[in-house]
Amino acid sequence: MWLNRSVILFQLGYKQKTNANFLFSECLKHSHSKEFFIQKAIGWALREYAKTSPEDVIAFVKSNDLKKLSTKEALKNMC
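The sequence shown lines up with residues 3 to 81 when you count with this note's numbering.
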């Protein structure tokens with residue numbers, strides 16, 4: 003679980019250099035995990051990426067079935 007979490011979070015500091023395709027694919031790959039820390043990591047990674055590409059994150063969240071915690075965390079600072 004911790005390795006999966008690290009894979010989701012490793013791009014946090016990349017800002018505009020974030021590989022969005024990789025980020026989104028990893029978020030989807032783990033989106034149905036029941037692990038709290040995985041869901042929190044998905045939201046955190048998306049929230050950080052939203053600081054540079056908010057439209058992409060909103061579109062991703064709207065078009066995919068993420069757990070409530072991930073969605074809440076991803077959109078936390080957007081409203």
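Even glycine gets a Cβ: it sits at the ideal position worked out from N, Cα and C.
Predicted model, so just to flag it, every value in this text is computed and none were measured.
- [ ] Give me the Cα-Cα distance between residue 31 and residue 70, rounded to the nearest whole angstrom.
- [x] Along the sequence shown, one-based indexing puts residue 31 at 29. Along the sequence shown, one-based indexing puts residue 70 at 68. Spanning the two alpha carbons is a distance of roughly 16 Å.
Task: residue 3 beta carbon less than 7 Å from that of residue 37 - done: Counted from its first residue, the sequence shown places residue 37 at position 35. Counted from its first residue, the sequence shown places residue 3 at position 1. Contact flag set, yes.
TODO: Evaluate residue 15 with the Cβ neighbour count: other Cβ atoms within 10 Å of its Cβ, from every protein chain shown; 16 or more gives buried, anything less gives exposed.
DONE: Locating residue 15 in the sequence shown gives position 13, counting from the first residue. The residue in question, residue 15, is exposed, as its Cβ has fewer than 16 Cβ neighbours within 10 Å.
- [ ] Using alpha carbons as the reference points, say which of 41, 11 and 25 lies closest to residue 58.
- [x] Here residue 58 refers to the residue found at position 56 of the sequence shown. Answer by Cα proximity: 25.
Task: Coarse secondary structure for residue 71, derived from DSSP in three states - done: Against the sequence shown, residue 71 aligns to sequence position 69. Reduced to three states, the DSSP call for residue 71 is helix.
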